[in-house]
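Using our numbering, the letters of the sequence shown correspond one by one to residues -6 to 79. The C-beta atom is built at its ideal place from N, Cα and C for all residues, glycine as well. For reference, the structure is listed below as structure tokens.
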Amino acid sequence: MAETTAPSQAESAVQTVYTETPYDEEPESFHVRILSSVLGGEEAAKDALLYGYKTAASGFSAKLTPQQVDKISSFDDSWHLAECII
């Protein structure tokens, strides 16, 4: 029988970040800019970004580690994060 283990803290999971709609910037550019500040660069941000929400909600889904979630959570109290359970 195969042994299962809990994922390590360094493993990333899909997270959904809800933000206010930016008025002076395209949503995708805004999402990449937020992720770039957490992930260390635009290329890493684009690789992590899975989906951008623009119509019914404003935000994005991205693969983030728990440490990255903590960092992005500290940016603004109006942002909300939700882990996607698959």
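Per DSSP, Ser54 is one residue of the beta strand (DSSP E) stretching across Gly52 to Leu57.
Taken in chain order, the complete beta strand (DSSP E) segments of 3 residues or longer contained in the region 19 to 49 are 42 to 46. Per the coordinates, the alpha-carbon of Thr12 lies some 15 angstroms from the alpha-carbon of Lys64. For Leu57, the closest alpha carbon among the candidates Ala41, His24 and Phe23 is that of Ala41. The C-alpha of Gln61 is placed about 6 angstroms away from the C-alpha of Val31.
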